[in-house]
Structures are given as C-alpha cells and as structure tokens.
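Engineer: As given, the protein sequences belong to chains Z and F, one line each in that order. Just remember that this note's numbering sits 704 ahead of the position in the first sequence, which is counted from 1. Just remember that this note's numbering sits 704 ahead of the position in the second sequence, which is counted from 1. Every residue, glycine too, gets a C-beta built ideally from N, C-alpha and C. Computed from a predicted structure; not experimentally measured.
Number of protein chains: 2
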Amino acid sequence: MPSRRGAATANPKSGEEMEPFPQPTPQIREVPATTPFVAPEELARRVGRTSLVRIGANESSFGPSPRAIEAMRDSLALTSYYGDPESFELRTALAARHGCAIDNLVVGAGIDDLLGLIVRTYAARGDVALMSHGSYATFTYHVVGYGLTLATVPPFEDGAIDVDALAAAAVERRPKIVYLANPDNPSGTLVDRDAVARLRAALPPQTLFVLDEAYADFVAPGALPPDGVDARTIRLRTFSKAHGLAGARIAYAIAAPEVIATFQKVRLHFGVSRAAQAGALASLGDPAFIAEVVAEVARGRDEYRALAARHGLRALPSHTNFVCIEVGTRAQAEAMVHGLLERGVFVRKPGAPPIDGFIRVTIGTPEERALFAEAFDAVLETLREPVR
Amino acid sequence: MPSRRGAATANPKSGEEMEPFPQPTPQIREVPATTPFVAPEELARRVGRTSLVRIGANESSFGPSPRAIEAMRDSLALTSYYGDPESFELRTALAARHGCAIDNLVVGAGIDDLLGLIVRTYAARGDVALMSHGSYATFTYHVVGYGLTLATVPPFEDGAIDVDALAAAAVERRPKIVYLANPDNPSGTLVDRDAVARLRAALPPQTLFVLDEAYADFVAPGALPPDGVDARTIRLRTFSKAHGLAGARIAYAIAAPEVIATFQKVRLHFGVSRAAQAGALASLGDPAFIAEVVAEVARGRDEYRALAARHGLRALPSHTNFVCIEVGTRAQAEAMVHGLLERGVFVRKPGAPPIDGFIRVTIGTPEERALFAEAFDAVLETLREPVR
C-alpha cells in the first residue's frame, strides 16, 4: 500500500492495517492546546471539594435582579422555542439606552463570543492584533485561534495600560485590530475618556478599535467615553458582570451599521438563549438593583484595599468588581492562589508581569469577603519568603 | 492628502475629509448577506401579529420535560455564575448513555454552533464540502461563511438522500467534509444504517464524515448506526428537538478524542449556559417524557399524511417531528407558506428541488394540528392553479 499523508490510527480490535484520518487545517494545527481559564468546577474536583468560595472569575456574588430571575422563570415553559435571532425587543431597549439605532447593535452569547466574531471577520491569518501585554486572555485566545500575529506593549509598573505606547505601536505595526479592555481585566485599571480618544485618533485608518467595556457598569459616571461610535470603533458590553447573568451568556456590541451587517453575514443567528434575552431585558428595567450591586462592590473594594494595607501590600486601583492584591514574587502569588484553593477559596492571578506577583480577587458578599480575608491571612503566614 | 485604500465614510457633523474605515477580510467580503432562517418573531412582525401557531421551525410543541423545567428553575438563582465550561456532569451522563468516554464528547450551544466549529477547524478556504443538495441550510451557511467550496449531489425524486451518489462524488471530489443529516432536514427522510456504513466505507481517507443526527430521538430503534465512532466520524445530537430545549441552546458531538481535542483548542469554552446544562441533564433522566413526545409526534405524522391524502397530495415519509406535504409548483408552495402566515400559521418550505413544491410542517399539539389543517384547506382553495 503506498504511503499516504496524515497521521495514522490503529484499529485496536481487529489489528487491521492502519488508516490515515482527517487532519485539521494547517492553521488550526499550529494552535497550541491551551485553556484561557480553568473553571472553578474543575479546580474543586482537583482538590476534592464539592464547592468553593467563588471569587475568582469576576462573576457577581449578588446574583441577577429579582426581576431578571422572574422573567427567566416565566420564559422556561417556552424553552422549546428558539430565542428571537434578532433579539428585537432587547436591541430596541438597548438602542433607547445608548441613543443609537438598532442597526448599531448585535447581541451575542457573551463578549467572548463577540470577540471571536470580530477577529474572524476583520483579521486574517498573519494580520496583526495589538493589545496591552497581559490584558484579557480570551482576546489572545481568539487571536491565536485564528492565526493572527499578536503584538503587545507593556503596561506601566502599576498595571495601568500605556495608551501612548499602544498608539505608537499601532502607527508602527499597522494592526488590523487594536484591543483595549477598559476598565482592564485583570488589572482593574481605567484609561480615562480623553486618553481613549487620543488612542482612537492616533490609529491608522485601516485599524479596527475594539473597546471591551465589560465592567462599564462599575465605572464612575462620565469617566468612560460618551455613548456613540464611529465607523471603526466597536464597543462591547455584557450582562455577565453587574447584571449577574454570566451563566446565561448574553452581551452586545455597538458599532457602525456596516460593521453589524458584516457580523450578520456569518454570526450564529440562533446562538443566544431565550431565557438570556428575557433576563437581560428585565435587568435593564431594574436600574435600582444594579445601583445597589455597584455600591456594595465599591464597599468591597475598600475592604480589600484595607486588607492589603494591613499587611503592607499594594492593591491596584480598581474600577471593576475585583481587586488585584500584591503577594510578592510570581511564585508566591501562585502559592497564594493554591493555598487559598486548598482552603476552599477560588481566586485567580494575572499571568503577566508587572502584576504577576498579585492575585485577582472578585468582590464577594460580606461573608465571602470575611472568609477570603481569613484564608488570605493564613496563607500569607505559610509563605516561606518574607513578602516585600 | 494621498488616496488611501478602503471604502470611505463622511463625517456628517463636521464635513471633514472622508476617512477610510476598516474592511472585513477578503474572504468575509465575498460572503453574501444571507439569513438561513427568518425567525417567526420577524415573520409575525411583518404580518402585524403578536404570535403565530408556531409549527415552522421543528421546535417541540410539547415543551421540555417537567424535570428539565424544574432543574432550570432551580439553577436560576445561580445564573450569575458561568456554566461549567467542561460540562462535566452532562458529559459523564452522556458517556454512560452512549457507551463512550467523556473524551469522546464535546458540548456546544446547539448543533449550529458545533457545525461552525467543525467547518472552522477541519476545512480551509477553497476546501470542498459535500452534501445532498438542499439539505440543512445552516451547514451550507457555515460552508459559505468560511469560504469553502460547496459540492452537492441531487437527492432522489422523493426527497431521499442518494447515498451512492454522495459516495461517488466523494471519491471524485475528495472533499474535506461530507455532511449527512440523518434523518434529513428538510425532507425528513432516513438513510438506513447499512447505507450509512456503505457511504462511510467509500470515503477517501482524508475526508471527515459529519453525521448530523438532530432528529435521532424520533427514529425507530435499530434504524440508526449503533453507538460508536471511528477516527473520522463526528456524530451530532441535540436537546433542541424531542427534548424541547431549543431555546436553551445545547447539543453535543461524539467523536474520536483527537477530534474533540482539536475542538478544545479553539472552541468557546464558556459558551453553554448554566440553565441549559442543568435542563439537559435532567431531561436525560426523564426517558418516559421523551417516549411520550415521540409517540405523540408519530400520531401527528399520521394525521398530516392523512390530511395530504385527503387532498390527493403526497407527503414524504418522515422519521422526524415534521412532515413535508406537497402543494404543487414552487410558486404554489410559496403561496401556501404566505397564505398560512397571513392566517397566523408559521410553516417553512424546502428551498431546493425536487421538493420545493412541498411545505414542511412541524408536528404540533392536537390543537395546533387542527388549526393548521383548517388553514391549509382554506389556502389550498385560494391557489389559482389546480394542484396536480
């Protein structure tokens, strides 16, 4: 038998001649096997626990609005019907909220879904995508997954994004996409609206500006750019954070109608669940609940900062529902994450310098914050090396 | 200012010089603006109705299992937490059901989601994908969306898929993917297990065999291939049909571990909602409910066939929760769909010959079936041309 290209697999039962099997595309073969985020369920299994204090994924510890829960509950009997692929009611409500047309909006199954759609439609293999080093890992995941070339600029020593370095790199590298998470994840830091405008103005004409505003609800009024988009800016918002609907998978993009029409050509039309659409619409109608969540999150940030200060550790300024707290070296921060996990507390940590010696802790309920503080103190004691 | 490549947009406020804006990739620019399926919500808006008798999208008129509804309801308070990206519990239950390992399984947000993942990972621009002409439109949508070359073979005159023609075309065209919906949508016809095996055996070694078994629950025991996959077959199953969870978006693929590992490298890890996972797991635990749905669907198929026979019209043999009923010419079938819609009844029709003179009607409840029969009779009267 002539040799054939492709890997081979044996038939264990019959011992028959090995047969080649289909291979992924050359581009997909190049993609390494990575997982941007290991789930708390998996971490709990690894340490033999059935549940964890879940303050590692920036989920809301305050749940969805009761109105959202009610709307989702009411929708369940109709779960056998697909959700509206146009999300017409939700887009109508969002258009009113943002002062745009429904043609400026597309709804997706989370910002991760929308980021994949953006990368797929606007950047081909070998195109450059530019971001701040160590910023949101799932954007990087899509950049690698679609075979783009990743370019990064380092953030400042305090974790803040260096907008002017991004602008300079954009002029030099002429990327297809510039990605800015604002507020940033995992640092929690904010780039103010003037700096965002400066970056936008500096971008080459062919560059798409992706503004991931997942944590917008936690930002002080007036600090983010005003509503509105130009022809090459995409703003992303989600119901996963302050709205407490992460488990429902729903987010949206605001962009020029030409950009939305491009997504429309290839997006998964029936990808957003019926319950998610009902929950998001109801949640938009409960601003008082969101305001309460935001206020409690602000209290939690103060507590975490006080905890860090009590140990003489830095905490990064945060405009989100999480805080990065310094531990020491990268190894010490990893030991802290592991030590907390063994004590039943799930947190994560930034992977990239200069903040890889920090842990990233979501604002929990007062009870969760107390459990975290206790465990943090205990693990800190066990770290061999003196911190700072 | 030198001319720059790319389309231009005017700034309506300032009248400033026009500025180019970012363009989609060349491959995406080639994709036409199409929508595989217009939603019933949109159709209702077009005819000024707030609701329709919804028997056009092969959703289940019998809802989800009460156990699934209860499980989803219980999950709602935890909607602020992401669903398990590994769907560990569900995959464990599915592995037991299908006699495979959890490494043979990946869960996605519907078969449409999984089809996109398959096309993206295994076929590059210009590769050939082969299917029966007029079969499931969303596979075609992904084939076009990823820039593949679509090859088709015509079905038989009665709408049944010509497996031997597919096999011959596969040998000739050496496609990267052969897609078989079995039972087929929109025809509802079944290819028996021996013919499936014959097709599989004839495929060139580098061809991936995608077996879309969305309607498997409605097929008589023993008619589909037995559980199990080889290294180049992917079987797709969904909770959208007999399980009544279309609105929750959940389905799965069964494939070799190497194939699953490839998906794992680029899939949307947090793409399946928490409620969907809870509902699917509970639904698997209620086989009696599924058996009732399947029995009622069989009764409904008999009713639709009797309705067709009463008018001297053909109905295609169906192994699904829908039946294709002959109307006459393509134009007459289109007029029937439109006439039914004006009477508040949503059905669809196959787009491709030889069955484009048929409408495709989902098995509704007894009440929905009666409303459909009444409207069908009335619209048939209005069609100018005598039918057959």
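Is the beta carbon of residue 951 of chain F sitting closer than 9 Å to the one on residue 779 of chain Z?
Structural biologist: By 1-based counting over the second sequence, the position of residue 951 of chain F is 247. By 1-based counting over the first sequence, the position of residue 779 of chain Z is 75. Contact: yes.
Engineer: Less than 6 Å between C-beta atoms, sequence neighbours within five positions excluded: which residues of the same chain meet that for residue 721 of chain Z?
Structural biologist: One-based indexing of the first sequence puts residue 721 of chain Z at position 17. With a pLDDT of 46 at residue 721 of chain Z, under the threshold of 50, the modelled position of that residue is not reliable, and the figure given next carries that caveat. Same-chain partners within the cutoff: there are none.
Engineer: When you compare only the Cα positions, how much space is there between residue 762 of chain Z and residue 846 of chain F?
Structural biologist: To locate residue 762 of chain Z, count along the first sequence from 1; it is residue 58. To locate residue 846 of chain F, count along the second sequence from 1; it is residue 142. Taking the straight line joining both Cα atoms gives about 33 Å.
Engineer: Taking all protein chains shown into account, do 16 or more other C-beta atoms lie within 10 angstroms of the C-beta of residue 728 of chain Z, making it buried, or fewer, making it exposed?
Structural biologist: As a first step, residue 728 of chain Z is located in the first sequence; it is residue number 24 there, counting from the start. Buried is the call here.
Engineer: Using a Cβ cut-off of 8 Å, which residues of the segment 761 to 790 of chain Z contact any Cβ in chain F, in chain order?
Structural biologist: 761, 763, 764, 765, 766, 767, 768, 772, 773, 776, 777, 779, 780, 781, 782, 783, 784, 785, 786, 787, 788, 789, 790
Engineer: Check this for me: beta carbons of residue 854 of chain Z and residue 842 of chain Z, under 9 Å apart or not?
Structural biologist: For the purposes of this step, residue 854 of chain Z is taken as residue 150 along the first sequence, with counting starting at 1. For the purposes of this step, residue 842 of chain Z is taken as residue 138 along the first sequence, with counting starting at 1. No.
Engineer: Should residue 839 of chain F be flagged as near chain Z, meaning a C-beta pair shorter than 9 Å?
Structural biologist: In the second sequence, residue 839 of chain F corresponds to position 135, counting from 1. It does not; no Cβ of chain Z falls within 9 Å.
Engineer: Output needed for residue 826 of chain Z: all residues of its chain with C-beta closer than 7 Å, excluding positions within five of it in sequence on either side, in chain order.
Structural biologist: Taking the first residue of the first sequence as 1, we reach residue 826 of chain Z at position 122. Cβ-Cβ distances below 7 Å link residue 826 of chain Z to 880, 881, 912 in the same chain, with the five nearest sequence neighbours on each side left out; the list follows chain order.
Engineer: Report the rounded CA-to-CA distance for residue 1033 of chain F versus residue 889 of chain Z, giving the unit in angstroms.
Structural biologist: Working through the second sequence from its first residue, we reach residue 1033 of chain F at position 329. Working through the first sequence from its first residue, we reach residue 889 of chain Z at position 185. Their Cα atoms are separated by approximately 58 Å.
Engineer: How many Å lie between residue 968 of chain Z and residue 734 of chain F at the Cα?
Structural biologist: For the purposes of this step, residue 968 of chain Z is taken as the residue at position 264 of the first sequence. For the purposes of this step, residue 734 of chain F is taken as the residue at position 30 of the second sequence. Taking the straight line from one Cα to the other gives about 14 Å.
Engineer: Can you give the Cα-Cα distance for residue 1052 of chain F and residue 863 of chain F, rounded to whole angstroms?
Structural biologist: Start at 1 with the first residue of the second sequence, and residue 1052 of chain F comes out as number 348. Start at 1 with the first residue of the second sequence, and residue 863 of chain F comes out as number 159. Near 16 Å, if we compare the C-alpha coordinates of residue 863 of chain F and residue 1052 of chain F.
Engineer: Quick one: is residue 974 of chain F near chain Z, going by C-beta distance under 9 Å?
Structural biologist: Position 270 of the second sequence, counting from 1, holds the residue named residue 974 of chain F. Residue 974 of chain F counts as touching chain Z.
Engineer: Do you know offhand how far residue 1059 of chain F's Cα is from residue 1030 of chain F's?
Structural biologist: Working through the second sequence from its first residue, we reach residue 1059 of chain F at position 355. Working through the second sequence from its first residue, we reach residue 1030 of chain F at position 326. So the alpha carbons of these two residues sit roughly 8 Å apart.
Engineer: Once you ignore the five residues that flank residue 961 of chain Z on each side, which residues in its own chain have a CB closer than 8 Å to its CB?
Structural biologist: Numbered from 1 along the first sequence, position 257 holds the residue referred to as residue 961 of chain Z. Answer for residue 961 of chain Z: 805, 807, 808, listed in chain order.
Engineer: Residue 997 of chain F: which of F:812, F:1036, F:769, F:750 sits nearest, CA to CA?
Structural biologist: For the purposes of this step, residue 997 of chain F is taken as residue 293 along the second sequence, with counting starting at 1. Among F:812, F:1036, F:769, F:750, the Cα nearest to that of residue 997 of chain F is on F:769.
Engineer: Rounded to whole angstroms, what is the Cα-Cα separation between residue 886 of chain F and residue 925 of chain F?
Structural biologist: Position 182 of the second sequence, counted from the start, is the residue given in the question as residue 886 of chain F. Position 221 of the second sequence, counted from the start, is the residue given in the question as residue 925 of chain F. Taking the straight line from one Cα to the other gives about 14 Å.
Engineer: Give a yes or no on whether 9 Å exceeds the smallest Cβ distance from residue 719 of chain F to chain Z.
Structural biologist: Locating residue 719 of chain F in the second sequence gives position 15, counting from the first residue. Any answer about residue 719 of chain F is weak, because its pLDDT of 41 lies below 50 and its placement is not dependable; what the coordinates show is given next. With 9 Å as the cut-off, residue 719 of chain F does not count as an interface residue toward chain Z.
Engineer: Could you pull out every residue in the same chain whose Cβ sits closer than 8 Å to the Cβ of residue 718 of chain F, ignoring the five residues on either side in sequence?
Structural biologist: In the second sequence, residue 718 of chain F corresponds to position 14, counting from 1. At residue 718 of chain F, the pLDDT of 43 sits below 50, so the modelled position is not reliable; the number obtained from the coordinates is stated separately. Closer than 8 Å at the Cβ level, and outside the excluded window around residue 718 of chain F, lies no residue.
Engineer: Does DSSP put residue 1086 of chain Z in a helix, a strand or coil?
Structural biologist: Start at 1 with the first residue of the first sequence, and residue 1086 of chain Z comes out as number 382. Of the three classes helix, strand and coil, the one that applies to residue 1086 of chain Z here is helix, per DSSP.
Engineer: With a threshold of 16 other CB atoms inside 10 Å of the CB of residue 1081 of chain Z, please say whether the residue is buried or exposed.
Structural biologist: As a first step, residue 1081 of chain Z must be located in the first sequence, where it is residue number 377. By the 10 Å Cβ count, residue 1081 of chain Z comes out exposed.
Engineer: Could you check if residue 953 of chain Z is buried or exposed, using at least 16 other CB atoms within 10 Å of its CB as the buried criterion?
Structural biologist: Counted from its first residue, the first sequence places residue 953 of chain Z at position 249. By the 10 Å Cβ count, residue 953 of chain Z comes out buried.
Engineer: Quick one: grab the DSSP three-state call for residue 916 of chain F.
Structural biologist: The residue labelled residue 916 of chain F in the question sits at position 212 within the second sequence. Reduced to three states, the DSSP call for residue 916 of chain F is strand.
Engineer: Could you tell me the distance, in whole angstroms, from the CA atom of residue 955 of chain F to the CA atom of residue 742 of chain F?
Structural biologist: Here residue 955 of chain F refers to the residue found at position 251 when the second sequence is read from its first residue. Here residue 742 of chain F refers to the residue found at position 38 when the second sequence is read from its first residue. Cα to Cα, the separation comes out at about 21 Å.
Engineer: If you follow the beta strand (DSSP E) that residue 959 of chain Z is in, where does it begin and where does it stop?
Structural biologist: In the first sequence, residue 959 of chain Z corresponds to position 255, counting from 1. Annotation: residue 959 of chain Z is outside any beta strand (DSSP E) and is labelled neither H nor E by DSSP.
Engineer: Residues in its own chain within less than 6 Å of residue 1011 of chain F by CB, not counting five upstream and five downstream?
Structural biologist: As a position in the second sequence, residue 1011 of chain F is number 307, starting the count at 1. Taken in chain order, the residues that qualify are 1077.
Engineer: Please classify residue 755 of chain Z as buried or exposed, where buried requires at least 16 neighbouring CB atoms within 10 angstroms.
Structural biologist: The residue labelled residue 755 of chain Z in the question sits at position 51 within the first sequence. Answer is exposed; the Cβ neighbour count stays below 16.
Engineer: Which whole runs of the alpha helix (DSSP H) in the segment 1000 to 1079 of chain Z are 4 residues long or more, in chain order?
Structural biologist: Correct list: 1034 to 1046.
Engineer: Let me know if residue 830 of chain Z comes out buried or exposed under the rule of 16 or more other beta-carbons within 10 Å of its beta-carbon.
Structural biologist: Counting from one through the first sequence, the residue named residue 830 of chain Z turns up at place 126. Under this definition residue 830 of chain Z is an exposed residue.
Engineer: Which bits of chain Z does residue 970 of chain F rub up against, with CB to CB less than 7 Å?
Structural biologist: Here residue 970 of chain F is taken as the residue at index 266 of the second sequence, counted from 1. Result: 732, 735, 849.
Engineer: Answer with buried or exposed for residue 800 of chain Z, where buried requires no fewer than 16 other C-beta atoms within 10 angstroms of its C-beta.
Structural biologist: Numbered from 1 along the first sequence, position 96 holds the residue referred to as residue 800 of chain Z. The residue is exposed, with fewer than 16 neighbouring Cβ atoms inside 10 Å.
Engineer: Counting C-beta neighbours from all protein chains within 10 Å, is the total for residue 1014 of chain Z 16 or more, i.e. buried, or is it exposed?
Structural biologist: Within the first sequence, numbered from 1, the residue matching residue 1014 of chain Z stands at position 310. Exposed, since its Cβ has fewer than 16 Cβ neighbours within 10 Å.
Engineer: Please work out which residues of its chain come closer than 7 Å, Cβ to Cβ, to residue 894 of chain F, disregarding the five sequence neighbours upstream and downstream, and give them in chain order.
Structural biologist: Counting from 1 along the second sequence, the entry for residue 894 of chain F is found at position 190. Answer for residue 894 of chain F: 886, 887, 923, 927, 1023, listed in chain order.
Engineer: Would you mind sorting residue 1083 of chain Z into buried or exposed? The rule is 16 or more other CB atoms within 10 Å of its CB.
Structural biologist: Here residue 1083 of chain Z corresponds to residue number 379 of the first sequence, with the count starting at 1. It counts as buried.
Engineer: Buried or exposed: residue 875 of chain F, going by 16 or more other Cβ atoms within 10 Å of its Cβ?
Structural biologist: Walking along the second sequence from the start, residue 875 of chain F turns up at place 171. By the neighbour-count rule (16 or more Cβ atoms within 10 Å), residue 875 of chain F is not buried but exposed.
Engineer: Just list the beta strand (DSSP E) runs in the segment 892 to 951 of chain Z, keeping only unbroken ones of 3 residues or longer that don't cross its boundaries, in chain order.
Structural biologist: 912 to 916, 937 to 942
Engineer: What's the C-alpha gap between residue 972 of chain F and residue 817 of chain Z?
Structural biologist: Taking the first residue of the second sequence as 1, we reach residue 972 of chain F at position 268. Taking the first residue of the first sequence as 1, we reach residue 817 of chain Z at position 113. Going from the Cα of residue 972 of chain F to the Cα of residue 817 of chain Z covers about 7 Å.
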